[in-house]
Every structure is written in C-alpha cells, then in structure tokens.
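For reference, the structure discussed in these notes is given below.
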Amino acid sequence: MPRPRLTAIAFVVAVAPVAGIATPLSYLRTYGPAADPITTLGWGLGLIASFVCAIVGVLLLAAIFRSRPEPLDAAGRPVLQRDAGGMQFVYVGVGLSAIVLFAATVWTLITLSAVAAVPNTVAAGIHVVGHQWWWEVRYEGTTRSPGFTTANEIHVPVGAPVRVEVTSPDVIHSFWVPQLGGKLDVVPGQRNVTWLEAAQAGVYQGRCAEYCGLQHAHMALTVVAVPAEQFEAWLAREAADADAQALGALPGAANFEARCAACHTVRGTTAHGIVGPDLTHVATRRTLAAGTLPNDRVNLVRWIAAPQDLKPGCRMPRLGLPADELDRVAAYVERLH
Amino acid sequence: MVAVVGSNELGRRLDAQWERPRGLVGWLATVDHKEIGIRYLVTAFSFLVIGGVEALIMRLQLARPNAALLDPAEYNQLFTMHGVTMIFLYALPILSGFSNYLWPLLLGTRDMAFPRLNAFSYWVFLLSGIFIYVGFVTGHGPDAGWFNYVPYTSRAYDPGPNIDIYALGMVFFGISTTVGAVNFIVSLFKTRAPGMSVNRVPIMVWGTLTASFGNLAAVPAVSLAFLMLWLDRQFGTHFFDVEQNGRPLLWQHLFWMFGHPWVYAIVLPAMGIVSDALPVFCRRPLVGYTAVALSTVATIVLGFGVWLHHMFATGIPPLGLSFFSAASMAIVIPSAVAVFAWIATIWTGRPVRATPFLYFAGFVFLFVVGGVSGFMTAAVPLDWQLTDTYFVVAHIHYVLLGINVFPVLGGIHFWFPKMTGRLMSERLGRWSFWITFTGFNVAFLPMHLTGLLGMPRRIYTYPAGVGWDGLNMLTSIGAFVVALGVLLVVVNVIRSLKSGAIAGPNPWDAPTLEWATSSPPPPYNFLVIPTVASRHPLWENRLDETGERSSTRVGPALDHGREILRTTPLDAEPDGSVHMPEDSLLPLVTALVMLAGFAALLAHHWWLALAAAIGTAICTLVWLTPARPATLGAP
Chain G
28 MPRPRLTAIA FVVAVAPVAG IATPLSYLRT YGPAADPITT LGWGLGLIAS FVCAIVGVLL
88 LAAIFRSRPE PLDAAGRPVL QRDAGGMQFV YVGVGLSAIV LFAATVWTLI TLSAVAAVPN
148 TVAAGIHVVG HQWWWEVRYE GTTRSPGFTT ANEIHVPVGA PVRVEVTSPD VIHSFWVPQL
208 GGKLDVVPGQ RNVTWLEAAQ AGVYQGRCAE YCGLQHAHMA LTVVAVPAEQ FEAWLAREAA
268 DADAQALGAL PGAANFEARC AACHTVRGTT AHGIVGPDLT HVATRRTLAA GTLPNDRVNL
328 VRWIAAPQDL KPGCRMPRLG LPADELDRVA AYVERLH
Chain H
108 MVAVVGSNEL GRRLDAQWER PRGLVGWLAT VDHKEIGIRY LVTAFSFLVI GGVEALIMRL
168 QLARPNAALL DPAEYNQLFT MHGVTMIFLY ALPILSGFSN YLWPLLLGTR DMAFPRLNAF
228 SYWVFLLSGI FIYVGFVTGH GPDAGWFNYV PYTSRAYDPG PNIDIYALGM VFFGISTTVG
288 AVNFIVSLFK TRAPGMSVNR VPIMVWGTLT ASFGNLAAVP AVSLAFLMLW LDRQFGTHFF
348 DVEQNGRPLL WQHLFWMFGH PWVYAIVLPA MGIVSDALPV FCRRPLVGYT AVALSTVATI
408 VLGFGVWLHH MFATGIPPLG LSFFSAASMA IVIPSAVAVF AWIATIWTGR PVRATPFLYF
468 AGFVFLFVVG GVSGFMTAAV PLDWQLTDTY FVVAHIHYVL LGINVFPVLG GIHFWFPKMT
528 GRLMSERLGR WSFWITFTGF NVAFLPMHLT GLLGMPRRIY TYPAGVGWDG LNMLTSIGAF
588 VVALGVLLVV VNVIRSLKSG AIAGPNPWDA PTLEWATSSP PPPYNFLVIP TVASRHPLWE
648 NRLDETGERS STRVGPALDH GREILRTTPL DAEPDGSVHM PEDSLLPLVT ALVMLAGFAA
708 LLAHHWWLAL AAAIGTAICT LVWLTPARPA TLGAP
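These protein sequence lines map, in sequence, to chains G and H. Under the numbering used here, the first residue of the first sequence is numbered 28, with each subsequent residue one higher. Under the numbering used here, the first residue of the second sequence is numbered 108, with each subsequent residue one higher.
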C-alpha cells in the first residue's frame, strides 16, 4: 500500500501542477480579481486536503504495521480484547476536523463576498447568449459606440471589470473562462449575471461547462484582453457595418447571398439571418465554429464544405457546394474584416 | 415450544416447512431472503460489469485527443448509461443484496418482515433494469446524463423515445426501492431476536435502516420529477416548459433533493459493512459503536440539507448558497467520526491482513481522498471552478468506488463462505485487491489534475495541446487495470464455488449471529430463535464483559408452519409470533404485469396500460387475500 501511492501524491501535488499551470484552461493560476481569491482558496483547501490524506495515510499504515504483542488464546487464536483509548482518536480527530472545517467555511464565505458581487462601475456590459453550440455576444451600446452583435469572441479592456449577463434560448449551458472567473450557468428563462476582469493583456480560453447535447465538446469561446485604447478601437471597428459596396463587387457575393444569408447576418448587406453567428467581422476572429478550428483559409474551406464532418450534429447543414462556388464563398467570407 | 439444538427431527420439520419446491416454478416463486439476496448480488454485480465495459469503451475514446472511435451520439448514450447503471442499477441494489441476505441472519430471525414484498422488490429491480437496457441496445438509451437536466430532455431537444424510456424506467425502479425500504424498516423494528435491543444491532443494520428512511423520503421527489417530465413530453404540460414560465431549476431541485440523500443511501450500508467486518480482522469490537451509529443517522439527516451544492453555479443568490456551503462542510463531521473510529479500531486491534481486511483498509484511505475533494467542492466559489470538470468526476469515483465498490468487494470475500460454504482463494484475493487498488489510483488520482487543468466533463473528445493528453492516457490505462482486478474477483468467485476449501460455520471467528448457523444456512436460518445478550454474541465468552450470555442453542422453535418471532421495536421483547407467507408466483406476476403497463405507456397503448393497471390491482387483491392458516389453534 505505501510507496506507489505516496509517490503518486507527491507527483500530483508537487510536479504536475507546475507543468500544467501554464495550459490554457488551467485555473491553478488565474489573471483577474474575479478569479484570484478563488485560486488562493483553492490552493489553500487543496493543501489542507492533501495534508489530511497524508496524515490519514500515515496513521493507517502505522495502525496496520506498528509492532505489538500478538498473544494467542488457548485455542491458538489471537486474543480478543477491547483496549481502552480508542475513543481518543475520535475525540482528537473529530475535534481537529471541526476546527479546520469551521475555518474553511469562514474563508469560503469571505472569498464568496469578494467575488460574488458585480462591481458598480464597469467598463463594458456584455450580453452572452448560449446557443447549441456557439456563443452569441452582444455588446451594449455606450455613449461612445452603438451596440452590436458578434460571436464566440469577447474583447475586454485590461484592468477594468466587465459585466456579463448570460441567457439561453435553448438548453442550459455554462459560461466559463477559468483564468478569469468561475462558472455561471446559462439557464433558459433566467438572466444570470457575472463579471470578469483581466489583470494582464492576453488571450484567455473559455468553454461551455454544462452538458448541452451533441456538440458540447465544441463550444468554446475566447476572451481577448487588450489595453483600453485598443479596446475602444476594437469596439468602433466591430460596431461598424461591413463595406457593402466593396463586398458586393466580389464574385462570391451572390453565392453568399444565396447560400448563407438565410442563417447569417452581415450588417450593411442584405444578409439578415439570425439562426447562426453574425459574420460581419468574422475574418478578424481567431477561431471558426466556436473554437473548433483556427480561423484560416484552409479551415474556412473545410468548414464550409463539410461542417457535419468536423462538428457532427451542429446546426450548419452540409451545403454540397461545387468546388468553384466553395472557393468564391470562402474568398467572400475572408473579406469580412 | 422451547427447543434445544441437536434435534434432527426439528430440523427435518422446519426444512419441510421452509424449503421451497424444486424446479423452475419453485425457483421463480421462492421468497427466501437468502435466495433473493444472492439474486440481488448477482444481478447488481452483472450491472457493475456492464457499466464497467461502457466505461472502458469511453476510456478508449478519451485515451487520445481528437479520437473518432465513437461519434458524439454514441458517446452521450454511453456516459449516460454508465451513470444510470452504476448509480441506480448497481450501487443500491448490490447493498440491498447484502442486506437482504444478511439481515434475518444478523437479527436472528427466519425471513424479512414481508418476504413476498421482498421478492417483488427484486423482480421490479430486474425488470426495470431490463426495461432501460432494452432502450439502450436498440439505440434509444437515455442520452442526457444521469441527472437528465431539462430543457435538454424536453421533446424539443431530445425528441426520440430515449428520455421516455429513462423516465418510465425510473418511476418503475422507484417502486422497487420504496417497497424494499419499507421492508427493511419493518424488519428492523419487528423481527429482531429477543434481547437484541437497538443498541445491539450491527452497524450495517443502522446503515441500511437510515438509507431506507432516506429513500422513503427521497424517492418520491425523483419519481414525481420523472412523471412530470413524461407528462410534459407526452401531453404538453408545462412543468418545465420555459416558454410557458416553467422553470428548469425546478427539475434540478427535485432531482437533487432526491439525488443527494441517495448518494448517502448508497454509501451508508457499505460503511456499515466495514464497521462490522473490519473489527473481525482487528480482533476487537469496533471503537465507538454508539458514535458511529449516531453519525450514520446524522449523515442522512444532514444529507437532506445539502442538495443545493449541486447547483452552486446556477445563479442562486450567494446568501442562499452560504447556508448549503456550511451544511456541506458540517456533513464531513459524522464521516470523520467513522474514519477515526475505523483507524482507532485497527490501531488498538491486532490486524489479520486477510483479503477482506485489505479491501476495508484500502476503503478507509479512498474514503478520505473522496471526502476531502468533496470538502473542496463544498466551498461555493471554488466549486464555481471545480463543478462540471473532471475534478468532480474524480471526486464521485473516489466516493462511489471507494466507499461502495471496495467495501462490496471486501464484503464478497467476507461473506462468500457463509453464502456458499466455501472459502475464496486468499492468493487470488490479494492479487485482486492490489491490482484494483493500484489501477484505481492510477486512473482517478491524476483525474483531479485533469479537472484542475480545465477539462469539462461529458465531452466526447478534446483537442491536443491543452495539457490533457497524458493524464487521460494514464486514466485509461488505470481503468483497464481496475477491470483486470474485478475480473480476478469474478474468476476467484467462480473457481471457489467449485474448489474452495470448506469453510465451516465461522471461518473468520466473527462475533455476529450469521456465523452461528451453518454455511450455507438452512432455509429456516436458525433451528431455534436465538436470544441475544450483547453486540457480540459469539465473542461473549472471550470478551467476558458482562455475566449475561446469548443463546443460539435454546429458544423458541416456532415449528407450526412458517413462523417468525415478533418483538418490540426498541427493546426486542418477545411480542408474539407471525405466520409467514408461503412461496408464491404473485410477486413475479405482479411485476410482469406492471412491466407490461410501463411498456404500454411507452408505446402509447393506453388501453393496454389501463388493462395493466387493473391487472396490477387484481394481483394486489389476490396477494392481500389471507390464506387459510396452515395450522389451527396456533397462537
């Protein structure tokens, strides 16, 4: 019983987190005030938990292997007896446990009050709508920019809190950007509100965390934290309509209109579909199909050609475009900056 | 009517009264708690194996990133069936198997209080399991996770019969659990041997008793929820219909009001197994019997006040969450009582390191690991990170394999000699323990880290390069090692059935009443009803703590047809005798008629469903019609 287990614990406690700490969805290290107190609590409770396992493991091994007299009775069986002192273990063990549990509860409540409330002044308000299986992102209008809708990618200013309201028109999802905060379920018929703030610039990964059907595995989102002035510039770019004239001149315009516009919107053009993500500035996003693929020309063509192969069950049908039409549509989408 | 053991003639008479008829009809009609108990054990263990195979297939898929062994629809059915199978069709029924087999033997009586209800409970369990599995093998298994959240399970998003099969199957299965719970409760309060006051019953009895009370209070919530969901799906009611102001969280409340007490119901009897059997190998009574018994009760009571910790991330206001967070911390305390009592028992005892002991000692460690990860998820804000990741998957496996499967495997090695008259191989037993224990920790200890690195549960595949690949491979390897260990247990059981050494009545030199009768016990269990003077009837001479002695040799014979002794609820004073029912096909027939009814509901054959309902009522009436007393003039 002893060595393999202790080695494994030592490995997990000491080595592996260090190696994994920098992975994109790890919350062993976090980057914002909505997450950091939780991370501290997590390390604290995790160390207490590991310590308890170690103590009990050692006690158990000692209890089993400690040397003791082994008297036999007349029939050659080990003597039965009821030694005194056993209850000391219970008194001490339960007493110490109760103290630790009480302290942990207090620490939990302090952490809860530190992260639960949305700050009064926020730099932006975002409404995130969970769909099977992608994220609609609506930025509320401000005095500086009108509101607009995008998808699967959220931009935030560094060092300022952002309010996030989540709703769902279909099933339950869960909004989760581990390095910026805990989960919040996206429940139909309910408006849940949370917040996040990135302390440093960077790209943070998020995922749907509540099982929501066939493509729950491919429902990711990206949070991009940039300095405030860049954020303002991004807001202005995203709020702007597409350049209808330039787009209309592209050979793929008619194909896009015929094949894609029923489901997708490109603001400024006649594409007004609301079933799928808004594509007005899709070419600026980092991924396709809610984090399923990196956004480049090759993947774009693959995706438009065979969404059901890459994300089986997703709502985008196999269109069966001939190769030349596929190329024209992809070229058109690539121009949606 | 007091008889002295040694009378062959009495044994023959009791045999004639209690033995079931031979042949298939006798086999189907038996109400003997020992046969029913073994059926429960074999059936539930078969479900464990099936659920295990489902897990292995999933582990093949998850061993590498971007694997395509399974498509998402297949994976979703597999993970759902794995959960349904393990949580419902394995975890409680296996414990019901031990309890059904052991209770009358532990309590010094000849059968459960309601033997036919007992048979009925088994048949309903079996048939509801088959009902759900017929859906699965025809490609229509439940596919929304074992907790089946609405609105994903409404007809709009899951239009096939999958969820209807699950909903009706669970309502059907709930009947088995409920009648089983009633039977345990009445058996405890009315059938204990004279002198076995409540402070002398084995802890396992406390465990099953509290679990039964828990189930009686919890199962209605889930049966109601599944009925409401089925009505929503079939008749357009709006209980969970968001469009009509139905609330998705209503489902979650109803489900977890059931679900959390249930997880205690599927561990408390297993903890009881350890509390009773571990001390046998420590050559001393359990440390802190009273504390452990009370902590068992405290756990189920508190267990009704923690359900919201499954819903910390649903947007409920923090003030409400705080109470449930604190309650979830508090429920650790009764568990700590039991853990330290077990450690103290080993420490102050003289451990004999036989196979069952290894499983029980291993259990104590796994219990603590599962407990402390539960303690972490009890912290609301931390749970916002941990919930729905593999951290929680690791937690639930430490809890359910650690606290249920390990005691069960230990219990199988421990009571196999009683059930069959033969010992299991120690050599194979040790190998099976070390392989299972090692494989389990290889599979599930790293899984905590997989969760901390952000892997959500219930995804059918994952990308490379986010730090999950190596850990998942390790878990998959560990899962196959566990499977090898369980396979060895099966091999050991099958080999030992034929060639195990003859055990004798009490091979472990254990103190409780089941070891006072032969192995396997005769159909009537005890030639005379024992009289109990302490918690350890078979150790009294050697512990020599009181002057009183239990007796298994002199007592009431009760040989006028099938009879058991009725005793008072707390002190177990004799209170008359009860005629027990004969073997009967009615339990099976009633269960089959009900199965036909549920199948008719599934297929929308409303007239057939109505006919089945009437048939069930008729069966019940026939069932309840008193038979003419076998002997006239008996008291």
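Don't be surprised by glycine CBs; every beta carbon is placed ideally from N, CA and C.
As assigned by DSSP and simplified to three states, the class of residue i
i, result
"E97/G", "coil"
"D212/G", "strand"
"Y359/G", "helix"
"N219/G", "strand"
"A166/G", "The residue you asked about is not Ala; residue 166/G is Tyr in the sequence shown. In the structure shown, Y166/G sits in a strand (DSSP, three-state: E or B)."
"L259/H", "Rather than Leu, the amino acid found at residue 259/H in this sequence is Tyr. Three-state DSSP puts Y259/H in coil, outside helix and strand."
"E116/H", "helix"
"P51/G", "coil"
"T314/G", "strand"
"T568/H", "coil"
"G122/G", "helix"
"A734/H", "coil"
"R673/H", "strand"
"L320/G", "strand"
"P563/H", "strand"
Residue i versus the options, residue with shortest Cα-Cα distance
i, options, result
"V191/G", "Q115/G, F202/G, D197/G, R362/G", "F202/G"
"H170/H", "M554/H, A664/H, Y273/H, A328/H", "It is worth fixing the name first, because residue 170/H is Ala in this sequence and not His. Closest option to A170/H, Cα to Cα, is M554/H."
"I83/H", "D218/H, A198/H, M193/H", "Here chain H has residues from 108 to 742 only, and residue 83/H is not among them."
"S442/H", "H247/H, E116/H, I542/H, A398/H", "A398/H"
"V119/G", "T150/H, A445/H, N322/H, S319/H", "A445/H"
"A324/H", "G662/H, W449/H, V387/H, V289/H", "V289/H"
"Y231/G", "G561/H, E689/H, F467/H, R649/H", "G561/H"
"A61/G", "A269/G, V149/G, S195/G", "V149/G"
"H360/H", "G190/H, G662/H, V241/H, Y256/H", "Y256/H"
"A384/H", "V286/H, V293/H, F205/H, T557/H", "F205/H"
Terminal residues of the alpha helix (DSSP H) in which residue i lies
i, result
"A448/H", "439-454"
"F467/H", "462-484"
"R264/G", "255-266"
"P211/H", "199-214"
"W622/H", "Segment: none, W622/H is in no alpha helix (DSSP H) and carries neither H nor E."
"W330/G", "324-332"
"R354/H", "Taken as a continuous stretch (DSSP letters only), R354/H belongs to no alpha helix (DSSP H), as it is neither H nor E."
"G248/H", "Neither: G248/H is in no alpha helix (DSSP H) and is coded neither H nor E."
Span separating the alpha-carbon of residue i from that of residue j
i, j, result
"M311/H", "M378/H", "7 Å"
"L209/H", "R390/H", "21 Å"
"L277/G", "N326/G", "21 Å"
"L248/G", "H200/G", "13 Å"
"G740/H", "A123/H", "A caution first: G740/H carries a pLDDT of 43, below 50, which makes its placement in the model too unreliable to give a value."
"G168/G", "L581/H", "49 Å"
"P222/H", "H140/H", "7 Å"
"Q335/G", "S53/G", "30 Å"
"W714/H", "S261/H", "25 Å"
"G395/H", "M114/G", "6 Å"
"D212/G", "L185/H", "24 Å"
"P29/G", "L595/H", "Residue confidence for P29/G is low, a pLDDT of 47 falling below 50, so the modelled location carries little weight and cannot support an answer."
"W313/H", "T659/H", "23 Å"
"G558/H", "V326/H", "31 Å"
Extent of the continuous beta strand (DSSP E) to which residue i belongs
i, result
"R234/G", "229-235"
"D682/H", "681-686"
Listed by chain order, chain C residues near residue i by CB distance under 7 Å
i, result
"R234/G", "In the structure shown, chain C does not exist; the protein chains are G and H."
Problem set entry | Contact list for the segment 161-181 of chain G against chain H, Cβ threshold 8 Å | none
Exercise. For the segment 645-675 of chain H, which residues have a CB atom closer than 7 Å to at least one CB atom of chain G, in sequence order?
Worked result: Within the segment 645-675 of chain H, the qualifying residues are W646, R649, L650.
For this session: Output, in sequence order along the chain, the residues in the segment 475-490 of chain H whose CB is closer than 9 Å to any CB in chain G.
Result: Under the 9 Å Cβ criterion, the segment 475-490 of chain H contributes V475, V476, G478, V479, S480, F482, M483, A485, A486, V487, P488, L489, D490.
For this session: With 8 Å as the C-beta to C-beta threshold (strictly closer), list the residues of the segment 393-415 of chain H near chain G in chain order.
Result: V394, G395, A398
For this session: Taking a Cβ distance cut-off of 7 Å, strictly less, list which residues of the segment 360-394 of chain H are near chain G, in chain order.
Result: Per Cβ criterion, the list reads R390, R391, P392, V394.
Exercise. Using Cβ-Cβ distances below 7 Å, what residues of the segment 238-253 of chain G are close to chain H?
Worked result: Y238, C239, G240, L241, Q242, H243, A244
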